[in-house]
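Asker: Here the working numbering is used: the first residue of the sequence shown is 548, the next is one more, and so on. Don't be surprised by glycine CBs; every beta carbon is placed ideally from N, CA and C. As the structure is a prediction and not an experimental result, all values here were calculated from the model.
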Amino acid sequence: MKELKILLTIFFLTIGQTILACDCDSQGEFLTVAPTTKLVALVKVTKYLTFKDIYEEKTPMSMEVEIIEVYKGKETRKKVIVWGDIGNLCRPYLSIFEVGKFYVIAFETGSDGSKGFAHKNEKITDYSISVCGDYWLKADIKKKIAIGSITKKEKQITLVELKAKLTKK
Numbered sequence: 548m549k550e551l552k553i554l555l556t557i558f559f560l561t562i563g564q565t566i567l568a569c570d571c572d573s574q575g576e577f578l579t580v581a582p583t584t585k586l587v588a589l590v591k592v593t594k595y596l597t598f599k600d601i602y603e604e605k606t607p608m609s610m611e612v613e614i615i616e617v618y619k620g621k622e623t624r625k626k627v628i629v630w631g632d633i634g635n636l637c638r639p640y641l642s643i644f645e646v647g648k649f650y651v652i653a654f655e656t657g658s659d660g661s662k663g664f665a666h667k668n669e670k671i672t673d674y675s676i677s678v679c680g681d682y683w684l685k686a687d688i689k690k691k692i693a694i695g696s697i698t699k700k701e702k703q704i705t706l707v708e709l710k711a712k713l714t715k716k
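#1: Here's a check: name, in chain order, each residue in its chain whose Cβ is nearer than 6 Å to the Cβ of GLY575, leaving out the five neighbours to either side.
#2: Does the Cβ-Cβ distance between ALA693 and VAL651 come in under 9 Å?
#3: Among GLU701, PRO582 and VAL590, which one has its Cα closest to the Cα of ILE615?
#4: Could you name the residues that DSSP lists as bridge partners for LEU578?
#5: Check whether the stretch 662 to 678 touches the stretch 625 to 640, taking contact to mean three or more Cβ pairs, one atom from each stretch, closer than 8 Å.
#6: For the stretch 593 to 672, list the beta strand (DSSP E) runs that are entirely contained and at least 3 residues long, ordered along the chain.
#7: Name, in chain order, the residues that DSSP records as bridge partners for ILE692.
#8: Hey, out of THR672, GLU604, LEU713 and CYS571, whose CA is closest to THR623's CA?
#9: In whole angstroms, what separates the C-alpha of THR579 from that of ALA711?
#10: Rounded to a whole number of angstroms, what is the C-alpha to C-alpha distance between CYS571 and SER696?
#11: Which residue or residues does DSSP assign as beta-bridge partners of ALA588?
#12: Please list, in chain order, all residues of the same chain as GLU655 whose beta carbon is under 7 Å from its beta carbon, the five residues on each side excluded.
#13: Distance check for MET608 and VAL707, CA to CA, integer angstroms please.
#14: Determine which residues share a DSSP beta bridge with SER675 and list them.
Dropping the structure here:
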């Protein structure tokens with residue numbers, strides 16, 4: 548009987564972890580997923596805003612980005628807030644984005660944090676990034692290129708070409 552209780556406890560704990568974890572299949576490379584998002588922009592990460600201790604490490608939960616150029620969508624603000632993962636939101640951990648570096652990011656709309664399934668202070672006027680595909684590319688401003696999984700075959704593209712491809716779609 549004691550073994551049955553232990554087995555059931557392990558079983559239910561495992562199911563609970565599965566339910567809370569992010570579970571998604573890759574939706575594809577950047578030029579496949581970017582046209583489906585609200586905003587695609589060349590941005591510079593200016594600073595991390597909020598942090599949470601995860602495994603005794605200060606992990607960024609939100610960051611401020613400066614919009615350098617909008618490639619798709621509309622955004623009039625020069626700086627916006629982007630929220631990352633808390634372990635179950637299917638978003639990247641923001642520590643992969645370096646302060647002072649440039650990226651081309653396909654953004655999703657933020658969530659209303661007061662409704663539960665998001666960061667407490669997140670707003671629908673903020674942004675998030677999906678991890679269920681290649682939703683961001685590194686950008687080299689000096690060389691004017693984007694680097695990453697652009698298509699199955701392309702790993703590098705000029706920023707001018709990238710913007711043109713996103714404008715067509």
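Answerer: In short:
#1: GLY680
#2: yes
#3: VAL590
#4: Looking at the DSSP assignment, LEU578 forms no beta bridge with any residue, so it has no partner.
#5: yes
#6: 604 to 619, 626 to 630 and 649 to 656
#7: ASP687 and THR705
#8: THR672
#9: 14 Å
#10: 18 Å
#11: VAL617 and ILE652
#12: THR584, LYS585, TYR674, SER675, ILE676 and SER677
#13: 31 Å
#14: TRP630 and GLU655
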